[in-house]
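If you're matching them up, the sequences are chains A and B in order.
Using the numbering used here, you'd call the opening residue of the first sequence number 1 and step up by one each time.
Using the numbering used here, you'd call the opening residue of the second sequence number 1 and step up by one each time.
Quick reminder that beta carbons are idealized off the backbone N, C-alpha and C, glycines included.
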Amino acid sequence: ETGVTQTPRHLVMGMTNKKSLKCEQHLGHNAMYWYKQSAKKPLELMFVYSLEERVENNSVPSRFSPECPNSSHLFLHLHTLQPEDSALYLCASSLIWGAGDTQYFGPGTRLTVL
Amino acid sequence: GQNIDQPTEMTATEGAIVQINCTYQTSGFNGLFWYQQHAGEAPTFLSYNVLDGLEEKGRFSSFLSRSKGYSYLLLKELQMKDSASYLCAVRDESNTGKLIFGQGTTLQVKP
C-alpha cells in the first residue's frame with residue numbers, strides 16, 4: 001500500500017464511450033502524475049499537476065482530458081478512445097514537482113478499448 | 001535524444017546474487033531511480049542515486065557512475081518474491097520532477 005489509490009482497477013470500454021479514471025493520494029503531496037504503461041514499452045509521462053496547476057502535457061491526444069480539482073485528487077477523462085489506447089494507466093504523486101523528489105505510484109487501471 | 005537501456009529479461013536462482021544494469025544517454029542528469037513492479041501492481045520505490053558510488057539498503061544496492069552513464073541494481077540472497085520487473089528512471093532536468101523510464105527488466109527467480 002503506497003498511499004495512492006486508483007479506481008477502477010479494470011475498465012473495458014467501446015470506442016464511443018466516455019469514462020473517467022480516478023486517483024486519490026493520502027500522502028499530503030502537492031504534485032500528481034498520469035503515466036501510460038504499454039506492454040514492452042517504457043512508462044510514458046502524460047500529464048503533471050503541481051499545486052492543482054497543469055505543468056506538463058506531453059503531446060497527449062485530446063481524447064484524454066485530465067482534471068485536478070484539489071491536491072489529493074486527479075482524474076483522467078476518456079472519450080472516443082482507440083484500441084491502441086489499451087494499456088495500464090498509472091497515477092503517481094510526489095511531495096513537490098522538483099528535483100530529488102520520489103514519486104509514489106498507485107496500482108493502476110487496466111484499460112481495454114474494444 | 002533521450003535513451004535508457006536495460007536488459008529485457010533475466011533469470012537467477014534463489015539464494016544467488018543478480019546485477020541488473022542500466023545505461024542512459026540524456027541531455028542532462030539530476031538523479032537515477034530504481035523501482036520494483038510486481039505483475040498487476042504499482043511500481044514501488046527502491047533506491048535513488050545522484051552522486052557516484054554505491055547506496056546499500058538491506059539486500060538491495062544501487063551503484064551509479066555519472067561519467068559512464070551507468071547504473072546497476074544488485075540484489076543479494078535472492079528470494080522467490082523478488083521475481084518482478086525492475087524499472088530504471090533518470091531525471092534529466094534539474095528544475096522538474098520529470099522522469100525518463102527504461103522499458104524495465106523482468107527478473108525470474110527459480111528455486
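Please report the distance separating the alpha-carbon of A/P83 from that of B/E56. Numbered from its first residue, the first sequence carries residue 83 of chain A at position 83. Numbered from its first residue, the second sequence carries residue 56 of chain B at position 56. Distance between the alpha carbons of A/P83 and B/E56 is about 43 Å.
Checking the sheet assignment: what are the DSSP bridge partners for B/K57? Here residue 57 of chain B is taken as the residue at index 57 of the second sequence, counted from 1. Partner(s): B/F60.
Quick one, which residues of the region 38–50 of chain A are near chain B if we go by CB-CB under 9 Å, in chain order? K40, K41, P42, L43, E44, L45, V48 and S50
Counterpart residues of A/M32 in DSSP-defined beta bridges: Taking the first residue of the first sequence as position 1, residue 32 of chain A is located at position 32. According to DSSP, A/M32 bridges with A/Y49 and A/S93.
Against chain A: residues of the region 26–43 of chain B by CB proximity under 9 Å: N30, G31, F33, Y35, Q37, G40, E41, A42 and P43
Report, in whole angstroms, the separation of the C-beta atoms of A/V4 and A/A92, which I expect to be a contact under 8 Å. Residue 4 of chain A sits at position 4 when you count from the first residue of the first sequence. Residue 92 of chain A sits at position 92 when you count from the first residue of the first sequence. Contact flag correct, Cβ pair sits at about 7 Å.
Is the CB of B/G58 under 7 Å away from at least one CB in chain A? Along the second sequence, one-based indexing puts residue 58 of chain B at 58. For B/G58, no CB of chain A lies under 7 Å from its own CB, so it is not counted at the interface with that chain.
Does A/F105 come within less than 7 Å of chain B when only Cβ atoms are used? To locate residue 105 of chain A, count along the first sequence from 1; it is residue 105. Closer than 7 Å: yes.
What is the C-beta distance between B/F33 and B/A84, in whole angstroms, given that I count them as a contact (C-beta under 8 Å)? As a position in the second sequence, residue 33 of chain B is number 33, starting the count at 1. As a position in the second sequence, residue 84 of chain B is number 84, starting the count at 1. Actually they are not in contact, since the Cβ atoms of B/F33 and B/A84 sit about 15 Å apart, beyond 8 Å.
Near A/S50, what residues of its chain come up, given a Cβ to Cβ distance below 6 Å and the 5 sequence neighbours on each side ignored? On the first sequence, residue 50 of chain A is found 50 positions in, with the first residue counted as 1. The answer, listed in chain order, is A31 and W97.
Do B/V50 and B/D82 count as a contact pair if the criterion is CB distance below 7 Å? The count along the second sequence starts at 1 and reaches residue 82 of chain B at position 82. The count along the second sequence starts at 1 and reaches residue 50 of chain B at position 50. Contact flag unset, no.
Bridge partners - A/H73, DSSP secondary structure assignment: Position 73 of the first sequence holds residue 73 of chain A. Paired residues: A/E24 and A/N70.
So for B/E14, helix, strand or coil by DSSP? For this step, residue 14 of chain B is matched to residue 14 along the second sequence. Residue state, collapsed to three classes: coil.
Got a sec: is the Cβ-Cβ distance from A/S93 to anything in chain B below 7 Å? Sequence index remark: in the first sequence, residue 93 of chain A carries index 93 (1-based). Output row for A/S93: interface = no.
For B/S5, which option in B/E14, B/I20 and B/A12 has the closest C-alpha, if you only look at C-alpha atoms? Position 5 of the second sequence, counted from the first residue, corresponds to residue 5 of chain B. Position check: residue 5 of chain B holds Asp in this sequence, whereas Ser was assumed. For the residues B/E14, B/I20 and B/A12, the minimum Cα distance to B/D5 belongs to B/I20.
Applying the 10 Å Cβ sphere with the 16-neighbour rule, what's the burial state of B/D52? Position 52 of the second sequence, counting from 1, holds the residue named residue 52 of chain B. With fewer than 16 Cβ atoms within 10 Å of its Cβ, B/D52 is classed as exposed.
Looking only at its chain, what residues have a beta carbon closer than 8 Å to the beta carbon of B/M80, apart from the 5 residues adjacent to it on each side? Against the second sequence, residue 80 of chain B aligns to sequence position 80. Answer for B/M80: E14, V109 and P111, listed in chain order.
Would you be able to state if there are at least three C-beta pairs under 8 Å between the region 15–23 of chain A and the region 65–76 of chain A? yes
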